[in-house]
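**Q**
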Amino acid sequence: LWSRDSVCNIILLGAEDVGKTALVVRFFTKKYLPEYSHSTWCCYERNVIVNDRVLLVRVTDTSGKESFSSLKSKGLLEGAEGYVIVYSITDKRSFVKARELVKLIKEDFGEGEQTPVALIGNKEDLVHYRVVCSKEGQRIALLYPRCSFHECSAAREAQNVESAFQDFLCQVLNSKVQR
Ligand code: GDP
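Next up, the structure:
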């Protein structure tokens with residue numbers, strides 16, 4: 016039986032096609048699967064060891080098609096203990112959207128200011144197509160408490176996905192202890 020303390024509810028947000036699903040699949044299975052179903056709303060769960068503790072991590076993957084206000088009005092953003100907000104370093108519009116999402120969560124959303132947010136710039140392997148530099152992501156994370164920033168690639172093994180999620184889950188655990 017899982018106690019409340021050993022379950023982590025995470026919501027994944029960001030524009031379409033930035034690699035949200037690829038990232039969670041990579042973190043949970045260590046694999047990069049170029050094809051999977053693209054349903055609008057999908058939940059993944061897996062046991063993960065964080066700080067020597069076993070956590071049941073539940074990730075709700077949003078498609079990126081629905082607006083923040085629509086997700087919010089349907090109550091779909093409630094109860095999250097952390098948000099992972101993803102953009103692609105090859106797509107400026109996705110970065111602008113991620114920046115808005117961080118702002119909305121941190122400034123306008125319930126306990127958002129205290130809830131850990133991980134901002135992730137994905138597709139780091141596509142260096143030649145980079146249009147968003149690391150500093151731009153870093154700068155956003157520095158504006159808010161409990162907001163981390165990582166660049167990574169779901170497509171390449173060992174390119175930061177594990178450490179980005181581990182860091183973030185540590186933060187989520189710490190913030191749960193403090194509540
Ligand atoms: P989502 O809509 O945000 O969930 O994005 P997906 O996970 O469906 O990925 C969108 C497309 O980007 C797919 O074709 C993936 O194979 C590709 N993709 C995802 N992550 C990466 C990455 O790190 N590098 C590269 N080169 N492609 C990626």
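According to the UniProt record's numbering, numbering within the sequence shown proceeds without interruption in unit steps and concludes at 194. The beta-carbon is built from N, C-alpha and C at its ideal position, and this holds for glycine as well.
By Cβ distance below 7 Å, which residues in the same chain neighbour ARG114 in space, the five residues on each side in sequence not counted?
**A** Cβ neighbours of ARG114 within its own chain (closer than 7 Å, five residues either side excluded): ILE155.
**Q** Measuring straight from C-alpha to C-alpha, what distance separates ASP67 and ASP182?
**A** 13 Å
**Q** In the structure shown, what three-state DSSP assignment does ALA133 receive?
**A** strand
**Q** Which of helix, strand or coil does DSSP assign to ARG73?
**A** Reduced to three states, the DSSP call for ARG73 is strand.
**Q** Check CYS23 in the structure and name its three-state DSSP category.
**A** strand
**Q** Assuming SER178 contacts ASP140 under a Cβ cut-off of 8 Å, what Cβ separation, rounded to an integer in Å, is found between them?
**A** Wrong, their Cβ atoms sit about 16 Å apart, outside the cutoff.
**Q** Note down the Cα distance separating VAL101 from GLU128, rounded to an integer number of angstroms.
**A** Their Cα atoms are separated by approximately 18 Å.
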